[in-house]
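A.B. asks: Structure provided below as structure tokens; questions to follow.
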Amino acid sequence: MQTAERVSAPAKCWSCGQEVTNGQPFCGSCGKVQPPRQAGYFDMFDLPQKLNLDVQALEKQFYRYSRKLHPDVHARASQQEQEWSLSQASLLNDAYRTLKNPLERTKYLLKLEGVQFEDERGPANTNPSKVPADLLEEVFELNMQLEELRQNQKLGEDDPQLRRDLEGAKDQFVAQLNLLDEQVRSLWSAWDAAWEQSDETKKTAAKEAMTALLQRRSYLQNLVRDVSETLKES
Amino acid sequence: MAEERVVGIDLGTTNSLVAFMQGDKPVVIPGDDGLNLVPSVVALGPVRDGGRPTVLVGNDARHTLLDTPERAIYSVKRLMGRGVEDVAEELKFFPFRLVHDLQPGEVFRVRLGESEFTPPEISAYILRQLKRNAERYFGAPVTQAVITVPAYFNDAQRQATKDAGRMAGLEVLRLVNEPTAAALAYGLDRNKEGIIAVYDFGGGTFDISILKLHEGIFEVISTNGDTHLGGDDIDNLLIAIALHDIAGETGMDLHHSAEAIQAIRKAVIEAKIALSSQPVAQMDIKLPQGGSYQRELTREQLEELIQPVIHRTMAPCHDALRDAHLVGDQIDEVVLVGGSTRIPAVQRLVSDVFELPRRGKQLRTELNPDEVVALGAAVQANILGGGSKATEDMLLLDVTPLSLGIEALGGVVAKIIQRNSTIPASASESFTTGVDGQTNVAIHVLQGEREMAKDCRSLARFDLKGIPPMTAGLPRIEVRFLIDANGILQVSALEQRSGKQAEVSVKPAYGLTDEQVESMILESFDYAEQDIHLRQLVEARNEAATILSAVEKAPSSPAWELLDPPERAEIALLSEKLRVLKDGDDLQALRAGTEALDKATHRFAELMMDAAVSSAIRGQTMQSADDRLGQGPTASHPIARAEFQ
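Chains as they are written, first to last, in our numbering: chain D, 1 to 234; chain G, 1001 to 1645.
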């Protein structure tokens, strides 16, 4: 993952010698692509580390930067500039992809703030210690049903009621997911305000609340995926 | 000297084309037979005195295919970047003759007559033919190209295509996805805005891409496809039916008769094509074993037969729409590409998927579906070659079609770059050691959407070597995976604690090594008589262009003022003459004209050299003196910049 190690010394353009704004991937004066520095995604777009973001403005800026940084634009430049362009354009694309997506944006910001998420890949419910306490009973029930469905499948049997139950459970989890997303969004403004006031206590509170929601979300997401896949297979 | 032209090449399964931007319009360059399409067929001609057979490409090779099929090969694109185990299915239908004694992981070779070739080599022969066609057309060398590939091509297939270009003596400036290229050709009108879908059903591959057009930016939102689905599959189906019929009627099993299969193939293709414009077609096939096979086929029957094949294009369409978070009726325009989209049943299917009739919209078919990809490649070639008025605001933002992952514990794939990410795209991952003092870490990179490594396409195994020996778990090796604008993976690694650049050795699963590619570069001087003449002409034209360009810059040099007026007049006259000769075909006259101008400018060159030397002595940098001499040609010519030291 990209880390936001802010580079303190102002850089000078290698071509025209003018100062280049921190993190800016090309020179504001002559337009030449700059060597990649360890800029974070927010720096790339010269944005504050806030979560409410105008996605349309971001897209516009992405297009504008693409015209400056894309390897096609530098196809006839020096080998060195071509390498920088490749590096900067990939960073631009990675940054845009992450920031335009509300969930990815929130996760990225939390990671910058030192939050470490559990590895989200792989099957969800193998480790019972990860199950949020209030969901234990539901998840236990669900796993029993999934197991039954798989057994039916092996025997070539079909239990329409069981399928309906699972579909119902899935819908309910999806509804919970949507609710979680809304809750996360409602915390964005809390974070943004705390960030503007540099209020560390409030920042920490918002950060921890969002982290808890996202961990729960990630668990539910995997659950929904498992149920969908098992239903699809049978 | 005029900028060298960058050409756009559509290296197709069935046909290949080369195109370039003429003014503000892309045009296809015909071959010397006057035809735009070069069939993607390579054959060995008769063995010559030297003992090496000539290599035929295109229509010449197609005749060989019918007469002596074991000396010809077609649809080689299906084999590009693939392993032996992948092509088992293909071998049932295609008369590819693989070489048997392959080592594991070796790129397979195909037997052609008495020789053996890798698939990229065969593609290189096709590319070289296209390169020659362009050179003949321009009367100038062509060394740079944009080549199109199916959007759904994986890393190995892309790399194999790039290798083929290099073998043919072409620097591949960019691999462009075929549907995206088609969108460029349609989108030359820059006022176009909105969402378009490109449905590309060709000879061997199927792609669907969804793009957003905005102020000249062509942003691919999602792409999907099947690299083994095309008109070939329809042909194979019809061949299988014919073979079955013949066996039933005559008792002859012709499955292993290459001649019979080629004769049947030719007939069913003709019938298939005819049925796109007429309701009934007759097949009358003379069998090499004697006797004939006759059959009438109606369009209705054909459509029923091919339904399962064309239906397979639906799932990728729906997947692409889903990934783009769109539904069919949100697509503003649907562009058809590829010969198979001429089939009326295919057109109906596509219209339905995107609900065009209900919205009163029509499929976009005004550009020839066989040529549109090459035209788009020419547009991209123009953009990369520096652009022109017609392309100045155009920019292509493409995506990677498949997710990139690495194998984690238990054979599970950890996805690090998701499919449909805009390229170039990158991801960094940290790796560490599991044993004290371990100095190597192996990484397995895969491409595909499945959860388990065994179900994905293995791209390469990397060995991170030279890790400083430390306690297990202490080293932190940052590996950066970068998919470049061609959709090809690059890997670099850094050990964080020691700051040492870890060495990455790449073992591509099916690729050729650099050395192998190098050894396969086609000899470019095995030309026939007329090609030698052409080459000499091309070289002479280059030489003339070089001196003319130097003379053009001459008046801005202070040395110019030191010449007598008659000297200047003579130079002007000889330049004018040479300019005319350069466009003609007379090699002798052209050489003489160049020599005459060369002689006339001799004194000027000397004066200029003196000026450069004395200004250097006066304290100016050599660099600025050099600049004043102009970007000199590198040939040994009196105006050349190299001699003052």
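In this text, a Cβ means the ideal position worked out from N, Cα and C, and glycines have one as well.
#1: Would the beta-carbon of LEU1397 (chain G) fall within 8 Å of that of GLU1178 (chain G)?
#2: For LYS1131 (chain G), count neighbouring C-beta atoms within 10 Å of its own C-beta (all shown protein chains included) and say buried if the count is 16 or more, exposed if not.
#3: Is the region 1029-1048 of chain G touching the region 1085-1102 of chain G, taking contact as three or more C-beta pairs under 8 Å?
#4: For the beta strand (DSSP E) containing ILE1423 (chain G), name the first residue and the last one.
#5: Taking 6 Å as the limit between beta carbons, can you name the residues of its chain near LEU1574 (chain G), skipping five residues before and five after?
#6: Distance check for SER189 (chain D) and ASN52 (chain D), CA to CA, integer angstroms please.
#7: Can you give, in chain order, each stretch of the beta strand (DSSP E) that sits fully within the region 1354-1420 of chain G and has at least 3 residues?
#8: Output yes if chain A places a C-beta closer than 8 Å to the C-beta of ALA39 (chain D); else output no.
#9: Helix, strand or coil for PHE1096 (chain G)? Go by DSSP, reduced to three states.
#10: Taking VAL1172 (chain G) as the reference, give the member of G:ASN1486, G:LEU1404 and G:ALA1544 with the closest Cα.
#11: If you draw a straight line from the C-alpha of LEU99 (chain D) to the C-alpha of LYS50 (chain D), how long is it?
#12: Assign MET1622 (chain G) to one of three DSSP states: helix, strand, or coil.
#13: In whole angstroms, give me the CA-to-CA distance for LEU1563 (chain G) and THR1594 (chain G).
#14: Rounded C-beta distance between ARG1480 (chain G) and SER1426 (chain G)? I'm assuming under 8 Å.
#15: Less than 8 Å between the CB atoms is what I'm expecting for VAL1041 (chain G) and GLY1058 (chain G), so what's the real figure, rounded?
#16: Where does ASN1236 (chain G) sit, in a helix, a strand or coil, going by DSSP?
#17: Is it buried or exposed for GLN18 (chain D), if we count other Cβ within 10 angstroms and need 16 for buried?
#18: For VAL33 (chain D) versus LEU69 (chain D), is the C-beta distance shorter than 8 Å?
#19: Could you tell me whether the Cβ atoms of ALA1378 (chain G) and GLY1023 (chain G) are closer together than 8 Å?
#20: Does the region 1263-1281 of chain G come into contact with the region 1121-1140 of chain G, if we say contact requires no fewer than three beta-carbon pairs (one atom in each stretch) closer than 8 Å?
#21: Helix, strand or coil for SER1123 (chain G), going by three-state DSSP, please let me know.
#22: Quick one: Cα of VAL1441 (chain G) to Cα of PRO1469 (chain G), how far?
#23: State the Cα-Cα distance for the pair ALA1043 (chain G) and GLU1300 (chain G), rounded to the nearest angstrom.
#24: Should the region 1219-1237 of chain G be called in touch with the region 1364-1374 of chain G, which here means at least 3 C-beta pairs below 8 Å?
#25: Going by alpha carbons, who is nearest to THR1400 (chain G) out of G:LYS1025, G:ARG1097, G:SER1209 and G:LEU1188?
#26: Check whether the Cβ atoms of VAL227 (chain D) and LEU146 (chain D) lie closer than 8 Å to each other.
#27: Between which two residues does the alpha helix (DSSP H) holding THR1148 (chain G) run?
#28: Using DSSP with H/G/I as helix, E/B as strand and the rest coil, what is TYR1527 (chain G)?
#29: Does the CB of THR1365 (chain G) have a neighbour CB from chain D at under 8 Å?
#30: Are the C-beta atoms of SER1421 (chain G) and some chain D residue less than 8 Å apart?
#31: For the pair the region 85-98 of chain D and the region 22-36 of chain D, tell me if three or more CB-CB distances fall below 8 Å.
#32: In chain order, what residues of the same chain have a beta carbon less than 7 Å from the beta carbon of ILE1246 (chain G), not counting five sequence neighbours either side?
#33: Roughly how many angstroms lie between the CA atoms of LEU1188 (chain G) and ALA1390 (chain G), to the nearest whole one?
#34: Counting only Cβ pairs nearer than 8 Å, list the residues of chain D close to ILE1195 (chain G).
#35: Got a sec? Which residues, its chain only, sit under 6 Å from MET1001 (chain G) by beta carbon, not counting five neighbours each side?
#36: Under 7 Å Cβ-Cβ, which residues of chain D neighbour LEU1396 (chain G)?
C.D. replies: Short version:
#1: Counted from its first residue, the second sequence places residue 1397 (chain G) at position 397. Counted from its first residue, the second sequence places residue 1178 (chain G) at position 178. Their beta carbons are not under 8 Å apart, which means LEU1397 (chain G) does not touch GLU1178 (chain G) by this criterion.
#2: As a position in the second sequence, residue 1131 (chain G) is number 131, starting the count at 1. That one is buried.
#3: no
#4: Along the second sequence, one-based indexing puts residue 1423 (chain G) at 423. Careful: ILE1423 (chain G) lies outside any beta strand (DSSP E) and carries neither H nor E.
#5: Here residue 1574 (chain G) refers to the residue found at position 574 of the second sequence. Within the same chain, LEU1574 (chain G) has close Cβ partners ALA1596, LEU1597 and ALA1600.
#6: Within the first sequence, the letter at position 52 stands for residue 52 (chain D). Within the first sequence, the letter at position 189 stands for residue 189 (chain D). Roughly 7 Å between the two C-alpha positions.
#7: 1395-1397, 1404-1407 and 1413-1417
#8: In the displayed structure, chain A is absent; the protein chains listed are D and G.
#9: Residue numbering aside, residue 1096 (chain G) sits at position 96 when the second sequence is read from its first letter. DSSP places PHE1096 (chain G) in coil when its eight states are reduced to three.
#10: The residue labelled residue 1172 (chain G) in the question sits at position 172 within the second sequence. Among G:ASN1486, G:LEU1404 and G:ALA1544, the Cα nearest to that of VAL1172 (chain G) belongs to G:ASN1486.
#11: Indexing the first sequence from 1 puts residue 99 (chain D) at position 99. Indexing the first sequence from 1 puts residue 50 (chain D) at position 50. Going by the C-alpha atoms only, they are around 11 Å apart.
#12: For this step, residue 1622 (chain G) is matched to residue 622 along the second sequence. Note that MET1622 (chain G) scores a pLDDT of 37, beneath 50, so its modelled location is shaky and nothing firm can be said.
#13: As a working mapping, residue 1563 (chain G) is identified with position 563 in the second sequence. As a working mapping, residue 1594 (chain G) is identified with position 594 in the second sequence. Roughly 20 Å between the two C-alpha positions.
#14: Within the second sequence, numbered from 1, the residue matching residue 1480 (chain G) stands at position 480. Within the second sequence, numbered from 1, the residue matching residue 1426 (chain G) stands at position 426. Indeed they touch by this definition, with Cβ atoms about 6 Å apart.
#15: On the second sequence, residue 1041 (chain G) is found 41 positions in, with the first residue counted as 1. On the second sequence, residue 1058 (chain G) is found 58 positions in, with the first residue counted as 1. Right, their Cβ atoms sit about 7 Å apart.
#16: For the purposes of this step, residue 1236 (chain G) is taken as the residue at position 236 of the second sequence. Three-state DSSP puts ASN1236 (chain G) in a helix.
#17: In the first sequence, the residue the question calls residue 18 (chain D) occupies position 18. That one is exposed.
#18: Counting from 1 along the first sequence, the entry for residue 33 (chain D) is found at position 33. Counting from 1 along the first sequence, the entry for residue 69 (chain D) is found at position 69. Closer than 8 Å, so yes.
#19: For the purposes of this step, residue 1378 (chain G) is identified with residue 378 of the second sequence, where counting begins at 1. For the purposes of this step, residue 1023 (chain G) is identified with residue 23 of the second sequence, where counting begins at 1. Not in contact: ALA1378 (chain G) and GLY1023 (chain G) (Cβ atoms no closer than 8 Å).
#20: no
#21: In the second sequence, the residue the question calls residue 1123 (chain G) occupies position 123. Looking at SER1123 (chain G) - three-state DSSP - the assignment turns out to be helix.
#22: Walking along the second sequence from the start, residue 1441 (chain G) turns up at place 441. Walking along the second sequence from the start, residue 1469 (chain G) turns up at place 469. So the two alpha carbons sit approximately 12 Å from each other.
#23: Walking along the second sequence from the start, residue 1043 (chain G) turns up at place 43. Walking along the second sequence from the start, residue 1300 (chain G) turns up at place 300. Taking the straight line joining both Cα atoms gives about 36 Å.
#24: no
#25: For the purposes of this step, residue 1400 (chain G) is identified with residue 400 of the second sequence, where counting begins at 1. With distances taken between Cα atoms, THR1400 (chain G) lies closest to G:SER1209.
#26: What you label residue 227 (chain D) is simply residue 227 of the first sequence in a count that begins at 1. What you label residue 146 (chain D) is simply residue 146 of the first sequence in a count that begins at 1. Their beta carbons are under 8 Å apart, which means VAL227 (chain D) touches LEU146 (chain D) by this criterion.
#27: Here residue 1148 (chain G) refers to the residue found at position 148 of the second sequence. From DSSP, THR1148 (chain G) is part of no alpha helix (DSSP H) but of the beta strand (DSSP E) over 1144-1149.
#28: As a first step, residue 1527 (chain G) is located in the second sequence; it is residue number 527 there, counting from the start. Below a pLDDT of 50, predicted positions are generally treated as unreliable, and TYR1527 (chain G), at 41, falls in that range; the measurement from the model is reported next regardless. TYR1527 (chain G): coil per DSSP, three-state reduction.
#29: Counting from 1 along the second sequence, the entry for residue 1365 (chain G) is found at position 365. Taking Cβ atoms only, chain D never reaches closer than 8 Å to THR1365 (chain G), which makes this a no.
#30: Indexing the second sequence from 1 puts residue 1421 (chain G) at position 421. Closer than 8 Å to some Cβ of chain D, the Cβ of SER1421 (chain G) qualifies, so yes.
#31: yes
#32: Working through the second sequence from its first residue, we reach residue 1246 (chain G) at position 246. Excluding positions up to five away in sequence, the list reads MET1252, LEU1254 and TYR1293.
#33: Walking along the second sequence from the start, residue 1188 (chain G) turns up at place 188. Walking along the second sequence from the start, residue 1390 (chain G) turns up at place 390. The alpha-carbon atoms of LEU1188 (chain G) and ALA1390 (chain G) are separated by roughly 7 Å.
#34: On the second sequence, residue 1195 (chain G) is found 195 positions in, with the first residue counted as 1. In chain order: nothing, as chain D lies at least about 14 Å away.
#35: The residue labelled residue 1001 (chain G) in the question sits at position 1 within the second sequence. At MET1001 (chain G), the pLDDT of 39 sits below 50, so the modelled position is not reliable; the number obtained from the coordinates is stated separately. Correct list, in chain order: ALA1545, THR1546 and SER1549.
#36: Your numbering for residue 1396 (chain G) matches position 396 in the second sequence. What LEU1396 (chain G) touches in chain D: ASP72.
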